[in-house]
Ligand code: NAD
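Numbering (our numbering), first residue to last: 5 to 511.
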């Protein structure tokens, strides 16, 4: 694969502070991107601000047609794109395909539904024949999108697509670890006819992200809770809105009447997809005592059958981790757990013969909430399983976390599972599966507690990018010629209306 080199606007040469992008499996340099200065970021936002009104004037259907043309181009180029995505992250082919499929589906959903969601709405007024009220949805202007490395395409576009449908321009600050996929996708947008200044990329590290917050009209951030908190503070100081998709420590609850094969397979898929580097990954499992031994045995059996390597194709189950920092945290969590009495039933070490950052799918038992692996985000392929007395204890432990991103419940009694799910402190919960939100674009996900603010997906994921403007018109031909509104007639009208509302509350 050719090395992809990007340079700053107006320059053709590499600069000393350019960021090298490396393949995590081979260590080779696969590209480089410039570090945008605060001034360059400001200039990009200004260009975006100038281009936004024309983009907004296209209307939601006009914008949708260009976005769908882009999605078709990405779909047609998926073989090349998936290879690039894998070279930046070390992920498997099926995992990279999932990113492409989810984003294609997101475009399909908003193409179909955004016109309806954004349509001006007629609202009730005090006297319906006299006053006419309409609520319009207006874009904020320039959305700044700051994104992580674990799903560099999905976690970027899932927020950028609705921002564009809503009529905003977008300036993107992708992760410094994986900027090439973002660059590839945005280059295709411009080829598809989305004006160059409507979607721009500013590459760099935290400083570039900080500069974007200083200039944009709205920030959508996906990343760690620690950085998310800093961003929330700065956005509050600037009085601009933000949505924050942050870390998680997602709990899976397996009840005595669960289909154990389904539960164990879901633990594998939900916990080990992308080598566990998933914000909504299964990070801890609570199993009712009656099925604990059988569940652990099934899960152990599956983990020992997993194929982990860097090969191409859909027969590979788990790939490499992306950063040394992540592998080191996995090792630290495992060591802490073992020191406090946990047992390792499968895995428990690096797979150095596969590559420097491969880590074996690992099953831990004998765990409790004194251990880091049960309370801090691990973000790696560790599956700690804890035996619980009953569903109440599982719920209490699941909710014993500063995080509240996602979760799952397994039971053959769907009503009971949904009742448990509704008591989980999490923005989305799957029943008899994991991460099912990704198969329900019209639903949404997002964090309770320290997992974030705002929702992604569905109408809520689009409406976060608009502010409403109410326009109320007085259509009464006979004008009130008095200096005050509360005269004899209006007070009588209000008293009658008040009484009527006791009979018909929606009047
Ligand atoms: P990170 O917070 O370190 O970085 C995220 C982005 O923020 C990067 O682009 C980075 O350059 C930028 N950044 C860093 N400091 C900044 C600052 N002070 N101001 C502005 N921008 C700054 O996160 P990461 O390591 O890239 O990603 C992993 C984390 O992201 C995990 O905690 C994971 O749970 C979380 N995540 C959450 C979701 C979700 O949807 N909730 C999805 C994926 C990842």
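Every residue, glycine too, gets a C-beta built ideally from N, C-alpha and C. Every value quoted in this text rests on a predicted model; they were computed, and no experiment measured them.
Contact set for residue i: own chain, Cβ-Cβ below 8 angstroms, skip 5 residues either direction
{"i": "residue 384", "result": "279, 280, 281, 325, 330, 331, 333, 334, 337, 363"}
{"i": "residue 78", "result": "85, 104, 107, 108, 189, 192"}
{"i": "residue 356", "result": "362"}
{"i": "residue 264", "result": "258, 295, 298, 299, 302"}
{"i": "residue 133", "result": "479"}
Residue i beta carbon near ligand 1 (any heavy atom closer than 7 angstroms)
{"i": "residue 178", "result": "yes"}
{"i": "residue 459", "result": "no"}
{"i": "residue 195", "result": "no"}
{"i": "residue 235", "result": "yes"}
{"i": "residue 226", "result": "yes"}
{"i": "residue 155", "result": "yes"}
{"i": "residue 150", "result": "yes"}
{"i": "residue 283", "result": "yes"}
{"i": "residue 455", "result": "yes"}
{"i": "residue 122", "result": "no"}
{"i": "residue 147", "result": "no"}
{"i": "residue 381", "result": "yes"}
{"i": "residue 102", "result": "no"}
{"i": "residue 436", "result": "no"}
{"i": "residue 217", "result": "yes"}
{"i": "residue 251", "result": "yes"}
{"i": "residue 534", "result": "Nothing can be reported for residue 534: it is not among the residues displayed for the chain, which extend from 5 to 511."}
{"i": "residue 275", "result": "no"}
{"i": "residue 209", "result": "yes"}
{"i": "residue 505", "result": "no"}
{"i": "residue 159", "result": "yes"}
{"i": "residue 106", "result": "no"}
{"i": "residue 213", "result": "yes"}
{"i": "residue 440", "result": "no"}
{"i": "residue 171", "result": "no"}
{"i": "residue 386", "result": "no"}
{"i": "residue 184", "result": "no"}
{"i": "residue 465", "result": "no"}
{"i": "residue 399", "result": "no"}
Contacts around residue i, its chain only, beta-carbon distance under 7 angstroms, and the 5 residues preceding and following it disregarded
{"i": "residue 60", "result": "143, 171"}
{"i": "residue 70", "result": "196, 197, 198"}
{"i": "residue 166", "result": "114, 465, 466, 469"}
{"i": "residue 393", "result": "293"}
{"i": "residue 178", "result": "151, 156, 160, 186, 205, 207"}
{"i": "residue 98", "result": "318"}
{"i": "residue 200", "result": "194"}
{"i": "residue 55", "result": "173, 199, 201, 202"}
Nearest-angstrom Cβ-Cβ length linking residue i and residue j, presumed shorter than 8 angstroms
{"i": "residue 39", "j": "residue 208", "result": "4 angstroms"}
{"i": "residue 261", "j": "residue 244", "result": "Actually they do not touch by this definition, with Cβ atoms about 49 angstroms apart."}
{"i": "residue 232", "j": "residue 250", "result": "4 angstroms"}
{"i": "residue 340", "j": "residue 286", "result": "At roughly 19 angstroms, the Cβ-Cβ gap does not stay under 8 angstroms, so residue 340 and residue 286 are not in contact."}
{"i": "residue 53", "j": "residue 146", "result": "5 angstroms"}
{"i": "residue 344", "j": "residue 375", "result": "5 angstroms"}
{"i": "residue 126", "j": "residue 110", "result": "That belief does not hold up - the Cβ atoms of residue 126 and residue 110 are roughly 29 angstroms apart, past 8 angstroms."}
{"i": "residue 430", "j": "residue 452", "result": "6 angstroms"}
{"i": "residue 68", "j": "residue 169", "result": "6 angstroms"}
{"i": "residue 36", "j": "residue 25", "result": "6 angstroms"}
{"i": "residue 369", "j": "residue 386", "result": "The pair is not a contact, with the Cβ atoms about 12 angstroms apart (cut-off 8 angstroms)."}
{"i": "residue 433", "j": "residue 405", "result": "Between residue 405 and residue 433 the Cβ distance is about 14 angstroms, and since that is not below 8 angstroms, they are no contact."}
{"i": "residue 365", "j": "residue 307", "result": "4 angstroms"}
{"i": "residue 454", "j": "residue 229", "result": "5 angstroms"}
Proximal residues to residue i (C-beta, below 6 angstroms), its chain only, five neighbours per side dropped
{"i": "residue 390", "result": "290, 371"}
{"i": "residue 29", "result": "94, 314, 324, 359"}
{"i": "residue 73", "result": "196"}
{"i": "residue 414", "result": "258, 262, 267, 436"}
{"i": "residue 321", "result": "310, 311"}
{"i": "residue 346", "result": "368, 370, 371"}
{"i": "residue 2", "result": "Past the boundaries of the shown model lies residue 2; the chain is included only from 5 to 511, so the question cannot be answered."}
{"i": "residue 51", "result": "201"}
Are three or more beta carbon pairs between the stretch 474 to 484 and the stretch 452 to 460 nearer than 8 angstroms? no
Taking 8 angstroms as the threshold, find out whether the stretch 184 to 200 comes into contact with the stretch 208 to 215 through three or more Cβ pairs. no
If we count Cβ pairs, one from each stretch, closer than 8 angstroms, do we get three or more for the stretch 80 to 99 versus the stretch 144 to 158? yes
Three or more C-beta pairs under 8 angstroms: does that hold for the stretch 441 to 450 against the stretch 462 to 469? yes
Any chance the stretch 396 to 413 sits against the stretch 251 to 270, with 3 or more Cβ pairs inside 8 angstroms? yes
Flag this pair as touching only if the stretch 299 to 307 and the stretch 263 to 272 have three or more C-beta atom pairs under 8 angstroms; answer yes or no. yes
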